[in-house]
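Following: one structure in structure tokens, then a few remarks.
In the numbering used here, the protein residues as written are 152 to 899.
Right, here's the structure in full:
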């Protein structure tokens, strides 16, 4: 049973992190608490992550408090160098492997040692669900960022929080404040600049909950405010309009009463960021989950274009909304980021004079034409025009020399202009689901291109120029009409990680052999008609759908060639020289030279020299030189065998990613984000509240030669192809009681 428990734990948990300094002491303390009688009671699991400075002093701790009493917590928190502390809670997304340690419950009261952490600036209390008198009072005044989780925040705690005079940021994620509570003490938080308030209603009914407008009015010095999962009435909008110092207002997934107008927000003249993202489902108190009732803004006022200090404007997901004319958008001369999704736009907005624009997202509209003057936006880095009705691209698209991402999927584009090759800084190009028939010859000029997606188009061949995009990492040519050779020149793409060719007519030739490849797919699952393609012997990157692709015959990969000629002229010269320098010694030197000249079909010269030295004891005083020349003109058949040895130099491995989260398609956290919100096999995760996305904090674990995908996650490759189960990463096995990844070579 112990062995089974051990194997299960390996399946569900990452390998223990290599802690050092103070963190190792903390880990050893928790591990020493373990009974050792049952692997499920390993209390070191309470430690999610721990970081030290260059001197080995602990600075950041992320942990659970399960099975720990206050004395034990005080021991862990006895290091006054701690600046960031995160108490987590095991939610449904965590592995059931934590059930044993979770069963004994978490610490009920905040540890008294918190008051001694004079350097503590970041404190997250998601793992605490009740507060008693003096709990908040014991927090050190050094705290600048405080986050509370899904709990009720009583009146006594509201009164005590005003002691945190240095508090700059407060996050209330699902935190419930009693309706009869006196929230006026919040106004004493004079230094509070950022407030994040989320209803976080995870119940299946999604019944409405209105934002208390009076609560907002007690934060007059706010600079940044984020509201999430609430329903707003006109009183709430009017209350927001009183925050005249605010420069960032984000309203995410909120609903609105039908009569609400946002015209009062024009009073926020210092506003630099305005985001109205999504709407709220089931805004009534009905529990009918199938009513699909949303409550978006009934109308968006044109007055938002009078907020001339705006640098970022986002309006998305406002279903059934009456939109204003966007002609006045040209007034927003300071705009750097523009997002108008599902905005019912039929013409591209006149933004040619908004030269500061770096980011444009006009996804899911009805735009059919991109104007020529788009080339004026020389600072543009990201252009997203997915899900429109665009049928062609202007030549001026090539003037966007700083463009890094161009998303044009789900349109009606038939051809690409030659000028697209001028986008030398472009890294991502998505042309999926269009009607493109060919790729221009200038395409290879985009040396920075890393991701090229052009599936579900009308391509009939694979352009050789793609092999000139030397930094390409992902190439998707699936579901086109390709009936041609797979260019061998694609093997020169030493950074290529993924290629997808399934769903075409007939891809011919040999599969790719790039050593960098980790994901390949040539055939659709269940495809009965195979391509005229074979597996190169060197290649191990295949999908399980490619198991029926045959191996290439030996003749197609051998390096030995045989040539037959019909006419040969041969001249043979034999020279023998015998020289004796002493009566008892004889030296013999023989040189044979053969020259062969072939006139058809090619000319080949072969020179062979043979030297033989013989020593004898017989007396001799003879010098002999013999020369024989023979010239033959008769036709003869000669076979010449030439062997060429090819040496492949492996490219130096370079990191494929900056952080582990990129393996799952999530960005790395910026330097400003350091708080660990959760931990899994991809390392530590933070949350970018500005972008509303999870982000990674753990650097990518690069190896010089990754034999299989699992090594990037810190797991060895299996030596045998005995798969036990599959998850979103791939196939897993167990060897020596440890989890290991099934290499792609097993798909053979």
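Ideal Cβ placement from N, Cα and C applies to all residues, glycine included.
Check, Outcome
"Spatially closest choice to residue 833 from 824, 813, 372, by CA coordinates", "813"
"Selection from 859, 410, 685, 811 that minimises the alpha carbon distance to residue 837", "811"
"Proximal residues to residue 800 (C-beta, below 6 Å), its chain only, five neighbours per side dropped", "Confidence at residue 800 is low in this model, with a pLDDT of 37, below 50, so the placement of that residue is unreliable and no value is reported for it."
"Anticipated Cβ contact below 8 Å, residue 239 with residue 203, distance rounded", "Actually they are not in contact, since the Cβ atoms of residue 239 and residue 203 sit about 20 Å apart, beyond 8 Å."
"For residue 897, the three-state DSSP class (helix, strand or coil)", "helix"
"8 Å contact criterion, which residue 404 and residue 379 should meet: CB distance rounded", "6 Å"
"Test item: CB-CB of residue 671 and residue 684 under 7 Å", "no"
"Through-space distance from residue 872 to residue 897, alpha-carbon basis", "6 Å"
"Alpha carbon of residue 867 to alpha carbon of residue 882, nearest angstrom", "13 Å"
"Contacts around residue 527, its chain only, beta-carbon distance under 6 Å, and the 5 residues preceding and following it disregarded", "503"
"Where residue 551 sits in the DSSP three-state scheme", "coil"
"Residue(s) in a DSSP beta bridge with residue 835", "830"
"As assigned by DSSP and simplified to three states, the class of residue 446", "coil"
"Alpha-carbon to alpha-carbon, residue 400 and residue 468", "17 Å"
"C-beta contact flag for residue 636 and residue 659 at 7 Å", "yes"
"First and last residue of the uninterrupted alpha helix (DSSP H) at residue 222", "221 to 227"
"Identity of the residue in 271, 593, 427, 624 nearest residue 570 by Cα", "593"
"Residue 603 - containing beta strand (DSSP E), residue span", "602 to 604"
"Opposing strand residues paired with residue 315 [DSSP bridges]", "Residue 315 is not bridged to any residue."
"Of the residues 279, 264, 213, 572, the one placed nearest residue 848, counting alpha carbons only", "213"
"Test item: CB-CB of residue 299 and residue 316 under 7 Å", "no"
"Residue 263: CB within 6 Å of a non-hydrogen atom of the ligand NAD", "In the structure on display, the ligand NAD does not appear, and there are no ligands present to speak of."
"Alpha carbon of residue 664 to alpha carbon of residue 534, nearest angstrom", "34 Å"
"Residue span of the alpha helix (DSSP H) that contains residue 184, given as start and end", "172 to 184"
"Contacting residues, own chain, Cβ-Cβ under 6 Å from residue 211 (five flanking each side not counted)", "202, 235"
"Burial state of residue 816 (16 or more Cβ within 10 Å)", "exposed"
"Span separating the alpha-carbon of residue 548 from that of residue 390", "44 Å"
"Beta-bridge pairing of residue 215 - partner residues as DSSP gives them", "According to DSSP, which records beta bridges pairwise, residue 215 is partnered with nothing at all."
"Distance between beta carbons of residue 410 and residue 385, contact taken as under 8 Å", "6 Å"
"Alpha-carbon to alpha-carbon, residue 419 and residue 486", "16 Å"
"Cβ neighbour criterion (16 or more within 10 Å) applied to residue 322", "buried"
"According to DSSP, residues forming a beta bridge with residue 428", "403, 467"
"Assigned exposure category for residue 193 - 16 Cβ within 10 Å defines buried", "buried"
"Chain-order list of residues whose beta-carbon lies under 6 Å from that of residue 835 (same chain, five-residue window excluded)", "200, 827, 848, 849"
"Where residue 651 falls: helix, strand or coil (DSSP)", "strand"
"Minimum length 3: unbroken beta strand (DSSP E) runs contained in the segment 587 to 643", "602 to 604, 625 to 627, 634 to 636"
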